[in-house]
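Okay, structure first, notes after.
Numbering (this note's numbering), first residue to last: 33 to 756.
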């Protein structure tokens, strides 16, 4: 274990959390306080059993402590916090400046199944006296540990309200049974994912007492900005270690199959020795089988091996930096499938201990880790990769939601739980005061002239839009994209939107799988071989999708427009920002029908003094555009009308070729020129298409911002399919 003391944590700083609080409904809080007694602060007891649950509870404790006008906080410490072999981790609670009201030694040593049962019994004997003295209004219990079961049992039998954190999740071991048992004892529930919420509803819990908040630890993870992370890496792994060039290993026993889990741990260590990378190994937790796992470590000389650093505990703030910059994390800890996804660090999840957990794409599962070669191969596949950041388990704003939830609790309501038996209510998560957080996307449109960012709701409503001139250089453009996205993501809180990801629409050729612009149009200069996914995902801790603007327009029609429910359709963009022919050939449709082409023809007529007719006027400094050509044609300019007819015919011939090639059931013309072309296209189809496709309908898009809506659909379709 390192000799340096962990840094002291500071309370939640002003920022998005404070903005959120300022937008809370004060009337609801006032009504509840009047019912509870105006001068009565909510007395909250937080009980923590080990280093893992403290990382989830600490952000809530800081939030409670920061609002003394509403809350009184009592802290109970028990379990492995108080054992030297597990790092005496109660010290980090003291260093975080929390007053520990009671320390309870509840662990019966032995690290086997009987010792776990005896530890629960010992806690049940000691807790009643403490709770009688404290008389809390509510006890906060976390997770699925046997210690937590003793806490929930004691509180329930003593008529103390219980708030359970992380209910409804599935992990595939005895922990599931313990977690669900605590759910049945708890009066209120804070869950981290939508599927966990649905599990709680299916378990007949009252929907009005379930809060979908996200994981509290993500409030710390997503705000972690430690520029001096190299000093942390050097302190724990040595001076010669580089970022992305080391491994963090954290493996616990599986209490339902101890013998196999010990064998799997032995194979893991053998694979890590063979892989020959610097590795930080954390000691296992206090579950049955941990003593045997420690023996395996010592038998293999891990504590003295030059490539390994074996430690009992790493302070959470430092652990965040270690996993964020690791080349890989390996083991079976829930941290690997939950928190580490926030950084896109590759993870190898071994065995069955986390079976059923929702995971990001950064997790590689090795369910049957029964050979050294299999684990070694997984290391070779994962080590050094970088994945998009995942926010499956939270968006960094769990604590404000939880505090708001606590303030809404009416202590005069009956304590007796009510179970909502089937049929299960089929509705989405609701926040207190019945404020619905709208699941939304950040949409980015890289046009030739303007750079636009918008918050787009699931229904296709543009909640807020930001527009700036698109910079000419690569560096300025990327800097502006990041700045606008960060501002929009922050603003989303104030308009009650939960951002699920970022979708980007850009001209040119795109590799959507890698999030890279391969080659852009001439209108967007210095925009080739550009990785858009990585910098934006790193800055926002959100998944990012990138696609061509034409594809985005089609996706927008499929989700929000005429293409909804249509199996096969084609979308053609006729925007004023359309590119000149980039291929160098003659006779392309874009050379006749794009906005740039019409602008060129309008300027030619104007230069020859053949554009303006009666009823038209132009200022001296005004730039000639395609709109002037259209206006002139409407006012009887035969030359302008002829140019538009030629353009419409060119587009129509292109549509005919598409009809003959792919046989769609619908053609959608999108963009500002669409309404001027639709009749010409229909005429060409009627005149020159095969009879079998003449009946195909051609319509004008009714979407105002197809590029933004299409970029948003990249996010909304994918994230909701994964179940956020």
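We put the beta carbon where it would ideally sit given N, CA and C, even for glycine. Just so it is clear, the structure is predicted and the values come from calculations on it, not from any experiment.
Give me the Cβ distance between residue i and residue j, rounded to the nearest whole Å; I'm assuming they're in contact under 8 Å.
i	j	result
residue 107	residue 130	5 Å
residue 560	residue 538	That belief does not hold up - the Cβ atoms of residue 560 and residue 538 are roughly 11 Å apart, past 8 Å.
residue 431	residue 95	4 Å
residue 485	residue 474	7 Å
residue 254	residue 594	Incorrect: roughly 39 Å between the Cβ atoms, too far for contact.
residue 658	residue 634	6 Å
residue 166	residue 186	Residue 166 to residue 186, Cβ: 12 Å. No contact.
In whole angstroms, what separates the C-alpha of residue i from that of residue j?
i	j	result
residue 340	residue 103	45 Å
residue 386	residue 592	38 Å
residue 669	residue 606	22 Å
residue 637	residue 708	19 Å
residue 411	residue 401	12 Å
residue 347	residue 417	25 Å
residue 565	residue 548	7 Å
residue 435	residue 101	13 Å
residue 646	residue 663	11 Å
residue 446	residue 190	14 Å
residue 675	residue 720	20 Å
residue 198	residue 683	57 Å
residue 480	residue 681	26 Å
residue 284	residue 328	13 Å
residue 23	residue 542	Here the chain comprises residues numbered 33 to 756, so residue 23 is not present and cannot be evaluated.
residue 232	residue 362	30 Å
residue 374	residue 250	8 Å
residue 138	residue 359	37 Å
residue 264	residue 135	30 Å
residue 587	residue 741	8 Å
residue 580	residue 406	39 Å
residue 648	residue 508	39 Å
residue 493	residue 749	15 Å
Kindly indicate the opening and closing residues of the beta strand (DSSP E) around residue i.
i	result
residue 105	103-110
residue 497	494-501
residue 535	529-538
residue 729	729-732
residue 178	Residue 178 -> not in any beta strand (DSSP E); alpha helix (DSSP H) instead, spanning 178-189.
residue 171	170-174
residue 284	Where residue 284 is concerned, there is no enclosing beta strand (DSSP E), given that its DSSP letter is neither H nor E.
residue 702	698-702
residue 197	193-197
residue 8	Since the displayed the chain opens at 33 and closes at 756, residue 8 lies outside it and no answer follows.
residue 484	482-489
residue 811	With the chain represented from 33 up to 756, any question about residue 811 goes unanswered, as that position is not in the structure.
residue 221	220-223
residue 311	310-314
residue 605	602-605
residue 474	470-478
Please report the residue range of the alpha helix (DSSP H) in which residue i lies.
i	result
residue 439	430-439
residue 30	The question about residue 30 has no answer, for the chain in this structure spans 33 to 756.
residue 506	506-526
residue 208	206-217
residue 300	290-307
residue 664	658-666
Please return the same chain residues whose Cβ sits closer than 7 Å to the Cβ of residue i, not counting the five positions on each side in sequence.
i	result
residue 615	The predicted position of residue 615 is uncertain, since its pLDDT is 41 and thus under 50; a value taken from the coordinates is nonetheless stated next. If we look at residue 615 and ignore the five residues flanking it on each side, it has no Cβ neighbours.
residue 743	475, 476, 477, 535, 536, 537 and 584
residue 557	504
Keeping to the same chain, check which residues put their C-beta closer than 8 Å to that of residue i; ignore five residues upstream and five downstream.
i	result
residue 726	717 and 718
residue 498	484, 485, 486, 516, 519 and 520
residue 241	219, 220 and 221
residue 305	332, 337 and 339
residue 651	none
Within its chain, find whatever has a CB closer than 6 Å to the CB of residue i; leave out the 5 residues flanking it on each side and keep chain order.
i	result
residue 698	598, 601 and 729
residue 75	104, 168 and 169
residue 466	Annotation note: pLDDT 37 at residue 466 (below 50); position unreliable, coordinate value reported separately. No residues qualify anywhere along the chain.
residue 673	665
residue 78	89, 93, 107 and 172
residue 702	585, 603, 605, 733 and 738
residue 642	671
From the beta carbon of residue i, is the nearest beta carbon of chain C less than 7 Å away?
i	result
residue 346	No chain C appears in this structure, which consists of one protein chain only.
Item checked: Those runs of the beta strand (DSSP E) which lie wholly inside the segment 545-586 and span at least 3 residues -> Fully enclosed beta strand (DSSP E) runs of no fewer than 3 residues occupy 548-551 and 576-580 of the segment 545-586, in order along the chain.
Checklist line | In chain order, each alpha helix (DSSP H) run of at least 4 residues that lies wholly inside the segment 228-273 | finding: Segments of the alpha helix (DSSP H) lying fully in the segment 228-273: 249-253 and 261-269.
Notebook entry, point to check: Where in the segment 321-396 do unbroken runs of the beta strand (DSSP E), each at least 3 residues long, occur, reported from the N-terminal end onward?
Noted result: Listed in chain order, they are 340-343, 360-363 and 379-382.
Margin query: Please give the ranges of any beta strand (DSSP E) in the segment 75-153, keeping only runs that are unbroken, at least 3 residues long and fully inside the region.
Written below: Counting only runs of 3 or more, we get 103-110 and 132-136.
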